[in-house]
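Below: the structure, in structure tokens.
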Amino acid sequence: MFMGEFNHSIDAKGRLILPSRFRDELGEKCVITKGYEGCLDVYTEEEWQKFVDSLSSLSPHNASARRVLRIFSSGAVTCEPDKQGRVIVPQVLREFAGMDGEKKDVVVVGNFTKIEVWSAERWKEYNEGDDALTLEQAGASLAEMGL
């Protein structure tokens, strides 16, 4: 299970060091793809396969379904962390997440079954913006969902 928040950086070559406490759980390979709110999602191969399996029920004859499938598949890449726990994030994903250019500060966030990688600027905006959720609001939302 992935939990916690870690400040890291991604260099101009796209190398990102993953937190040491996440490395063992990720295994030898992981999948990086576009995430919601402009972050990147990092999945174990097992969690990615569960996600792909859930999409398999979508009809290839439905235009909306094809668009959904393309959005998730076109941005996905399998990565193998090196001995230092670094993965190379492709340029297209760095651009999507606002991490392109020179060395960028990023925030690596555990989200239970996956990891999110945010540019430090976007993470700050997300947590301080008009849509930011307080702990009390999160609790109220859980209650509304029946949890």
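Under our numbering, the first residue of the sequence shown carries the number -10, and numbering increases by one thereafter.
All C-beta atoms, glycine included, are put in the ideal place defined by N, C-alpha and C.
None of these values were measured; they are calculated from a predicted model.
Between the beta-carbon of residue i and the beta-carbon of residue j, is there less than 8 Å?
i    : j     : result
F61  : F(-9) : no
E69  : K2    : no
P79  : V95   : no
V98  : E(-6) : yes
G64  : K39   : no
R111 : G90   : no
V57  : L7    : no
Sort out for me which residues DSSP pairs residue i with in a bridge.
i     : result
F(-9) : F101
C68   : C19
L44   : Per DSSP, none; premise fails for L44.
D94   : S(-2)
D30   : T22 and E105
L124  : None; L124 has no bridge partner.
R75   : I6
Going by CA-CA distance only, name the one from the options that's closest to residue i.
i    : options                   : result
L47  : W37, E36 and R59          : R59
I21  : R12, D89 and Y32          : Y32
G74  : L136, L15, E(-6) and M134 : L15
F11  : E105, E114 and L122       : E105
K113 : P49, C28, A129 and D0     : C28
D30  : D0, G90 and R83           : R83
K103 : E110, E34 and R4          : E34
L5   : A132, D71, L122 and Y115  : D71
Which whole-angstrom value describes the C-beta separation of residue i and residue j, a residue pair presumed to lie in contact below a C-beta threshold of 8 Å?
i     : j   : result
S(-2) : K92 : 5 Å
Quick check on residue i: buried or exposed, where buried means 16 or more other Cβ atoms within 10 Å of its Cβ?
i    : result
V81  : exposed
M134 : exposed
E36  : buried
S108 : buried
A129 : exposed
L44  : exposed
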